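Position 14, counted from 1, in the sequence shown is what UniProt numbering calls 14; the numbers after and before it change by one each time, with no gaps. Worksheet: the structure to be examined is printed underneath.
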Amino acid sequence: TSIHSLMLLLSTTFTFDQTNFWDGMLAATIIVTLCSVICDAGILYPYESPTREVKRLDGIWNFLISPPNDPTVGFREEWYTKQLSQSGPVVDMPVPASYNDITQRADIRDFIGWAWYDRQFYVSDFWFLDKKNIFLRFGSCHYNCIVWVNGLHVMEHSGGHLPFVAEIKEFVRPGVKNLITVAVNNTLTRTTIPTGDIVYKNSDLYPKGFFEQTLDFDFFNYAGIHRPVFLYSTPATFVKDIDIFTSIEGKTGTISYQVRVFGPATSRIDVTVFDKKGVQVGENSGAKGSISITDCHFWWPYLMDTEAGYLYELQVTVSDGKNVDIYSLNVGIRTITWSNTTVMINNKPLYLHGFGRHEDYEIRGKGVDDVMIVKDHNLLLWIGANSYRTSHYPYAEEILDLTDKLGIIIIDECPAVGLKEFTPILLAQHQRSLQELMARDKNRASVLFWSVANEPKSNSPQAEEYFRSVLHFVRNIDKTRPFIAALSYPFEEEKVAQFLDVLAVNRYFSWYWDTGHLELVTNQIVTEFTNWHKKFNKPVMISEYGAGSIAGFHSDPPNVWTEDFQIEMTNRHFEAFDILRSKGFFFGEHIWNFADFMTPQASNRVFGNRKGIFTRSRQPKSVARMIKTRYMQLSEKNQSKRFEIKSIN
């Protein structure tokens, strides 16, 4: 069963009116969650190579939202069989981008339901003449998505933030314009990851059928085609997937690999490794093997070594006698290990200093933007951060390309934020989301941790068995990285921490608790985190702390919402962190948040969440330079002395 067929059924079976059409819509999205088709979500990123051509379908698409009183009309009238402009008044919509802030229309900004996109494109005649495979790949659509090409259903996906792909050669034609149509639905329910609710307002104060989409998280539910859309070709026989595992011994680094090929089992596979200068440093053949590199340049985090983020190029060549495919992958050689007190990288103790973040930009929402990606990481380098968490969902692959290169450590988080109920349906969705995330990012040098959730209701009796199942599931996929979750309930009531490898805790002393009492912060933090370690005997970090500040607001003595309060509160935390570090079990500090970000409208949110160290336009608040001083000082203490690596230009 597919989303497409279910929506066709619902559009012809249900009679919608102002009072009940969202009942049908909600039923549809619940069924969609259960029946979503996964189209090789973990397929390799479509990098160009001598044997692969890549075409981006980004640009300005046509866009049309479903009418509020007839949300499934697009399925009933088969909008996907013709140009969207024939079905209603389309508007221009950039891709990739969230659609919410692009226009001047509140109905688009706040839209919940099926939004439609289309555009036309050509396919190279040479791809057909050379008998190439032709793939269509989306980096991410939020949340449920259906794709048609030339009026024919080609794929669908449930869940934002992760890629999906299909082979479409049989659906496209050479020499003429082809039509791609996409329907995206951002409705969140009790069975989606993340979760939400549709809440009806049935009193006389509201029009018939009025509802709100409530969320179990504190960021704007941006929607649309958020990441690049690729059309690309491969030879008939091609590299389908690669698994990488790295190890070190002395100054020797080893890359163990396994290559999966689409094509004859007799295909020849050659693997070659090049250093940064393009000099070959190792080779092997066969689908499975290893390559050792003497005097190896290990992958180190930013500021932990003079040469951070060193990447080798691993090139795989596959040949079946007629077809040849070449695919290259960047590989960082490093190890990650942990004990009950310490996390180690390359056998050296690791201390994280950085941020929780959001993919959130003015106008673009969560849309991928190279300008903002580079700007954000320049700010991270400037302030001395060596790490961040992809709170609260997987970030774009284009971002992780940069963190691999720069040596920025990633805590890679799935979209399970604010879970309150723990049902079998939700568990299946949660596991699928983690499986897709881990398949996508398994070879990333910068991904050192997997985060399975943020602030679940972890004191619930149902949470214990639920997360036991989650952690058992993911450990069968990856045993090389520690699993973590950002926890927020009291340690005395905690039922999830027992299953995690290392602990991360969100705490807002002097902000949400004992608001304004800065004098309490240091003792509260030291006492709290010491108790977490005593109870669970695992390394602990603080994954969120912070205070909101409006840029330009000042007071003395410091008052909440001022930059002065944010400075003093942060400084009190630093005092506590230094005490905790001396105890030997505290392995990191992440401030919430890197930058101000948008939230739903609320009386306690002044045009979004203002806990950023930078404004939403990426200007530093007063606290930024104090944090820079600390992070740089921490980096000096953490410089690696174990391996002397000469600089390579």
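For glycine and all other residues, C-beta sits at the position ideal for the given N, C-alpha and C. A quick note: this is a predicted structure, and the numbers were derived from the prediction, not measured.
May I have the straight-line CA-CA distance separating residue i from residue j, to the nearest angstrom?
{"i": "residue 591", "j": "residue 345", "result": "22 Å"}
{"i": "residue 26", "j": "residue 78", "result": "Any answer about residue 26 is weak, because its pLDDT of 48 lies below 50 and its placement is not dependable; what the coordinates show is given next. Whole-angstrom Cα-Cα distance: 21 Å."}
{"i": "residue 334", "j": "residue 539", "result": "20 Å"}
{"i": "residue 365", "j": "residue 222", "result": "6 Å"}
{"i": "residue 548", "j": "residue 253", "result": "45 Å"}
{"i": "residue 209", "j": "residue 175", "result": "48 Å"}
{"i": "residue 62", "j": "residue 85", "result": "8 Å"}
{"i": "residue 555", "j": "residue 54", "result": "55 Å"}
{"i": "residue 220", "j": "residue 389", "result": "18 Å"}
{"i": "residue 371", "j": "residue 537", "result": "43 Å"}
{"i": "residue 169", "j": "residue 605", "result": "49 Å"}
{"i": "residue 360", "j": "residue 69", "result": "31 Å"}
{"i": "residue 392", "j": "residue 266", "result": "43 Å"}
{"i": "residue 284", "j": "residue 231", "result": "31 Å"}
{"i": "residue 442", "j": "residue 400", "result": "12 Å"}
{"i": "residue 502", "j": "residue 337", "result": "11 Å"}
{"i": "residue 298", "j": "residue 472", "result": "31 Å"}
{"i": "residue 553", "j": "residue 615", "result": "13 Å"}
{"i": "residue 74", "j": "residue 198", "result": "21 Å"}
{"i": "residue 421", "j": "residue 429", "result": "13 Å"}
{"i": "residue 395", "j": "residue 255", "result": "26 Å"}
{"i": "residue 581", "j": "residue 342", "result": "11 Å"}
On the DSSP letters alone, give me the boundaries of the beta strand (DSSP E) that residue i sits inside.
{"i": "residue 64", "result": "59-65"}
{"i": "residue 166", "result": "164-167"}
{"i": "residue 114", "result": "114-121"}
{"i": "residue 583", "result": "First-last for residue 583: 563-583, but that is the alpha helix (DSSP H), not the beta strand (DSSP E)."}
{"i": "residue 248", "result": "238-249"}
{"i": "residue 390", "result": "Neither: residue 390 is in no beta strand (DSSP E) and is coded neither H nor E."}
{"i": "residue 592", "result": "586-592"}
{"i": "residue 273", "result": "268-274"}
Would you grab the beta carbon distance between residue i and residue j for me? Rounded to a whole angstrom, and I think it's under 8 Å.
{"i": "residue 408", "j": "residue 451", "result": "Actually they are not in contact, since the Cβ atoms of residue 408 and residue 451 sit about 16 Å apart, beyond 8 Å."}
{"i": "residue 194", "j": "residue 416", "result": "7 Å"}
{"i": "residue 477", "j": "residue 438", "result": "5 Å"}
{"i": "residue 487", "j": "residue 457", "result": "Their Cβ separation, rounded to whole angstroms, is 11 Å, which puts residue 487 and residue 457 out of contact at 8 Å."}
{"i": "residue 460", "j": "residue 506", "result": "Contact doesn't hold; Cβ gap of about 17 Å is too wide."}
{"i": "residue 327", "j": "residue 136", "result": "Wrong, their Cβ atoms sit about 18 Å apart, outside the cutoff."}
{"i": "residue 384", "j": "residue 635", "result": "6 Å"}
{"i": "residue 263", "j": "residue 238", "result": "7 Å"}
{"i": "residue 108", "j": "residue 187", "result": "That pair is no contact at about 16 Å."}
{"i": "residue 228", "j": "residue 58", "result": "6 Å"}
Run through DSSP, which three-state label would residue i get?
{"i": "residue 598", "result": "coil"}
{"i": "residue 348", "result": "strand"}
{"i": "residue 23", "result": "Confidence is the limiting factor: at residue 23 the pLDDT is only 45, short of 50, which leaves the residue's position unreliable and the question unanswerable from this model."}
{"i": "residue 35", "result": "Only weak support exists for where residue 35 lies, its pLDDT of 43 falling under 50; the coordinates are left without a value."}
{"i": "residue 413", "result": "strand"}
{"i": "residue 175", "result": "coil"}
{"i": "residue 533", "result": "helix"}
{"i": "residue 187", "result": "coil"}
{"i": "residue 254", "result": "strand"}
{"i": "residue 635", "result": "helix"}
{"i": "residue 337", "result": "strand"}
{"i": "residue 312", "result": "strand"}
{"i": "residue 200", "result": "strand"}
{"i": "residue 325", "result": "strand"}
{"i": "residue 402", "result": "helix"}
{"i": "residue 519", "result": "helix"}
{"i": "residue 146", "result": "strand"}
{"i": "residue 307", "result": "coil"}
Could you give the residue range of the alpha helix (DSSP H) that holds residue i?
{"i": "residue 474", "result": "461-475"}
{"i": "residue 436", "result": "424-441"}
{"i": "residue 109", "result": "106-109"}
{"i": "residue 376", "result": "370-383"}
Would you mind sorting residue i into buried or exposed? The rule is 16 or more other CB atoms within 10 Å of its CB.
{"i": "residue 213", "result": "buried"}
{"i": "residue 129", "result": "exposed"}
{"i": "residue 119", "result": "buried"}
{"i": "residue 205", "result": "exposed"}
{"i": "residue 355", "result": "buried"}
{"i": "residue 144", "result": "buried"}
{"i": "residue 106", "result": "exposed"}
{"i": "residue 566", "result": "buried"}
{"i": "residue 602", "result": "exposed"}
{"i": "residue 513", "result": "exposed"}
{"i": "residue 559", "result": "exposed"}
{"i": "residue 325", "result": "buried"}
Within the present structure, is the beta-carbon of residue i separated from the nearest heavy atom of the ligand COA by less than 7 Å?
{"i": "residue 293", "result": "Within the structure as shown, the ligand COA is missing, as the structure has no ligands at all."}
Answer with yes or no whether the minimum CB distance from residue i to chain D is below 8 Å.
{"i": "residue 465", "result": "Considering every chain present, this structure includes no chain D. It has just one protein chain."}
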